[in-house]
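Residue numbers (this note's numbering), protein chains in the order written: chain A, 180 to 256; chain B, -9 to 338.
Written as structure tokens, this is what we have:
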């Protein structure tokens, strides 16, 4: 079970990222716990400057845009 | 904002595709006028008639603007792969006012920027030691001067207007940032922002990009941006075509033209602040206003005001800035835009 956090103040790109991650995880049959972090202080706490960012098990793996599907698939490989 | 390319989708011969695309692009651009003339001839119309002129305008300008938009957005998508916010930040950290503001405003034009990232960027910059005034130069330039605005201005009003918008937009961002820096308003940041001691940048493994990936990023950027704004472009040109063919020139000239009363320009700027739209949404309005005889300076000032200053943005910024600093920011930028309008109206 992977704990995934999507960092973002809630714009369209953040929603898209959320959806994409959920979709790919389901397609790959990986069980995940998805959490959206919209609080600015928390986002900054991860050192992420450009949103949306993605955190997997406490580690920042992506920031600054909707990740490509191929990249997301790599996380669940 | 831009979808990062991944090697799984990278094309085999990227330069071949770019060359082919460029050839198609140039050929299409060269045949714009014959195409429009051909359509008119095919319909059995003449450009002397209202209907003929309106249709000609539409079938000429639509492909032209979409071509320009595609070209500019593609190039920007590729440039974005070189200039990440993290790299921009490290370039600006520790810069002094002056050169720092010039760099920040210029980098603001080419750094990928999504308005919802404005606040995290703002804090990220400050905590890395980018001075407040320099940070503001970036924050003002980034949304105001973007590739969509430039491509549309270029396509509809010529390169001179696009260049003027770029130059004056940079000037506003640089000068406003300088003034805010000089005012020394650091204590008007919210307390939690000031306490945020140099938070280290996240270390996530950014994939090394080759040219195939960069070009793919350009293509992805085109799909995203052009896919989103083409409706607005179409709408804008349709409105423009109607005006072009049918509306008499002096309708708006009296209140927004060269001989308009003095309050016309300030009114346009103030009217623009609560309005919030992106470049693609505002350009149709700009075209309509210009078509009805409004002065270029007044119209460009209105456009800058709508894009650069907005209530939603102020409300988000309120989380990190205390009121005096927000007021200073809005006041200084609005004054700068006003100055741009006055200069424009006087020179042209």
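For glycine and all other residues, C-beta sits at the position ideal for the given N, C-alpha and C.
Practice problem: Put residue 179 of chain B into one of helix, strand or coil per three-state DSSP. | Solution: It is a strand residue.
Practice problem: Could you check the C-alpha separation between residue 135 of chain B and residue 230 of chain A for me, to the nearest Å? | Solution: 20 Å
Quiz item: Is residue 83 of chain B near residue 118 of chain B, with beta carbons less than 8 Å apart?
Solution: yes
Quiz item: At which residues does the alpha helix (DSSP H) containing residue 62 of chain B begin and terminate?
Solution: 40 to 70
Quiz item: Roughly how many whole angstroms lie between the Cα atoms of residue 228 of chain B and residue 11 of chain B?
Solution: 27 Å
Quiz item: At a CB-CB cut-off below 9 Å, which residues of chain A make contact with residue 79 of chain B?
Solution: 228
Practice problem: Taking only beta-carbon positions, decide if residue 180 of chain A is within less than 8 Å of chain B. | Solution: no
Quiz item: Using a Cβ-Cβ distance under 8 Å, would residue 107 of chain B count as near chain A?
Solution: yes
Quiz item: Which word fits residue 310 of chain B, buried or exposed, when buried means at least 16 other C-beta atoms lie within 10 angstroms of its C-beta?
Solution: buried
Quiz item: Quick one: which chain A residues come within Cβ less than 9 Å of residue 114 of chain B?
Solution: 223, 226, 227, 228, 229
Quiz item: Using a beta-carbon distance cut-off of less than 9 Å, what residues from the region 289 to 323 of chain B approach chain A?
Solution: 306, 309, 310
Exercise. For residue 233 of chain B, I'd like the list of residues in its chain whose CB is within less than 8 Å of its CB, leaving aside the five on either flank, ordered along the chain.
Key: So the list reads 277, 278, 281, 282, once near-sequence residues are dropped.
Quiz prompt | Of the residues B:211, B:250, B:154, the one placed nearest residue 330 of chain B, counting alpha carbons only | solution = B:154
Quiz prompt | Residues in the region 75 to 100 of chain B having any Cβ partner in chain A nearer than 8 Å | solution = Within the region 75 to 100 of chain B, the qualifying residues are 75, 76, 79.
Quiz item: With distances taken between CB atoms, is the gap from residue 189 of chain A to residue 217 of chain A smaller than 8 Å?
Solution: yes
Quiz prompt | CB of residue 219 of chain A within 8 Å of CB of residue 75 of chain B, strictly | solution = no
Quiz item: Which one of B:32, B:47, B:3, B:30 has the shortest CA to CA distance from residue 224 of chain B?
Solution: B:47
Quiz item: Just checking my contact of residue 174 of chain B with residue 87 of chain B at CB under 8 Å: how many whole Å lie between their CB atoms?
Solution: Not quite, the Cβ-Cβ distance comes to about 11 Å (not below 8 Å), so this is no contact.
Exercise. Would you list the residues sitting across from residue 186 of chain A in a DSSP beta bridge?
Key: A:216, A:232
Self-check item: Own chain, CB closer than 7 Å to residue 143 of chain B, minus 5 neighbours either side, in chain order
Solution: 151, 152, 155
Quiz item: How many Å lie between residue 327 of chain B and residue 127 of chain B at the Cα?
Solution: The alpha-carbon atoms of residue 327 of chain B and residue 127 of chain B are separated by roughly 14 Å.
Quiz prompt | Cβ-Cβ distance between residue 185 of chain A and residue 197 of chain A below 8 Å | solution = Yes; because the gap between Cβ atoms is below 8 Å, this pair is in contact.
Quiz item: When the distance is taken between beta carbons, is residue 207 of chain B closer than 8 Å to residue 255 of chain B?
Solution: no
Practice problem: Quick one: give me the first and last residue of the alpha helix (DSSP H) that residue 250 of chain A is part of. | Solution: 248 to 254
Exercise. For residue 201 of chain B, decide whether its Cβ has a neighbour in chain A, counting only Cβ atoms nearer than 8 Å.
Key: The beta carbon of residue 201 of chain B does not come within 8 Å of any beta carbon belonging to chain A, so the residue lies off that interface.
Quiz item: Is the Cβ of residue 182 of chain B closer than 8 Å to any Cβ of chain A?
Solution: yes
Practice problem: Could you work out which residues of chain A lie near residue 102 of chain B, taking near to mean beta carbons separated by less than 9 Å? | Solution: 229, 243, 244
Quiz prompt | Reference residue 203 of chain B; option with closest CA among B:51, B:68, B:33, B:179 | solution = B:68
Quiz prompt | Beta carbon of residue 341 of chain B nearer than 8 Å to that of residue 160 of chain B | solution = In the structure as shown, chain B starts at -9 and stops at 338, and residue 341 of chain B therefore has no counterpart that could be examined.
Quiz item: Could you give the residue range of the beta strand (DSSP E) that holds residue 238 of chain A?
Solution: 238 to 242
Quiz item: Which bits of chain B does residue 220 of chain A rub up against, with CB to CB less than 7 Å?
Solution: Those are 182, listed as they occur along chain B.
Quiz item: Ordered along the chain, which non-local residues of its own chain (more than five positions away) have a Cβ less than 8 Å from that of residue 289 of chain B?
Solution: Only 246, 258, 276, 279, 280 meet the Cβ criterion.
Quiz item: Since residue 140 of chain B sits in a beta bridge, which residues does DSSP pair it with?
Solution: In the DSSP output, where bridge partners are listed per residue, residue 140 of chain B has none listed.
Quiz item: From residue 29 of chain B to residue 49 of chain B, what does the alpha carbon distance come to, in whole angstroms?
Solution: 8 Å
Self-check item: Nearest-angstrom Cβ-Cβ length linking residue 166 of chain B and residue 323 of chain B, presumed shorter than 8 Å
Solution: 5 Å
Quiz item: For residue 285 of chain B versus residue 250 of chain B, is the C-beta distance shorter than 8 Å?
Solution: yes
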